[in-house]
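When you read off a place in the sequence shown, starting at 1, and then add 60, the result is the number in our numbering.
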Amino acid sequence: MFVYRESSFAGAVNQYDVMINGVLAGSLPNGSFFSVNVDPGEYKVEPRTLTAFGFGKGSVISVEPGKSYCLKLTLNFCVQCKSADIDVVDPKQCESESKSLKKVQLKL
């Protein structure tokens, strides 16, 4: 599973935590990505923001063996709330948008 955040002036100083099934998987500073290996199954991938109050949303994906999945974190209307969305994106879009991003070293 590949999760990325494009470089943007809006919200540039904020780092966004990414949760997979309620567990912190990694954090994305501006213009970065990380990847994690997951077993087949269903996963809820969401930002750790005020999602319970309607700020930000995630995606539920069904992971199949041998397939790759790409998710994009985008800031939404409430940048000062540190609010973001995470959506599944097409592999071609993912490849195009992630070429110049920095890899985040996960502390697992």
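C-beta: ideal position from N, C-alpha, C; glycine also.
Excluding the 5 residues flanking it on each side, Ser87 has same chain C-beta neighbours closer than 6 Å at Gln75 and Asp77, in chain order. By the CB criterion at 8 Å, Pro100 and Gly118 fall outside the cutoff. One thing to note: Glu155 has its Cβ no nearer than 8 Å to the Cβ of Glu66. Counted as a single uninterrupted DSSP element, the stretch harbouring Glu124 is not any alpha helix (DSSP H), since DSSP gives it neither H nor E.
In its chain, beyond the 5 residues on either side, Glu102 have a beta carbon closer than 7 Å to the beta carbon of Ser122. Between Leu131 and the set Ser143, Pro151 and Glu124, the nearest pair of CA atoms involves Pro151. In the three-state scheme derived from DSSP, where H, G and I count as helix and E and B as strand, Pro151 is classed as helix.
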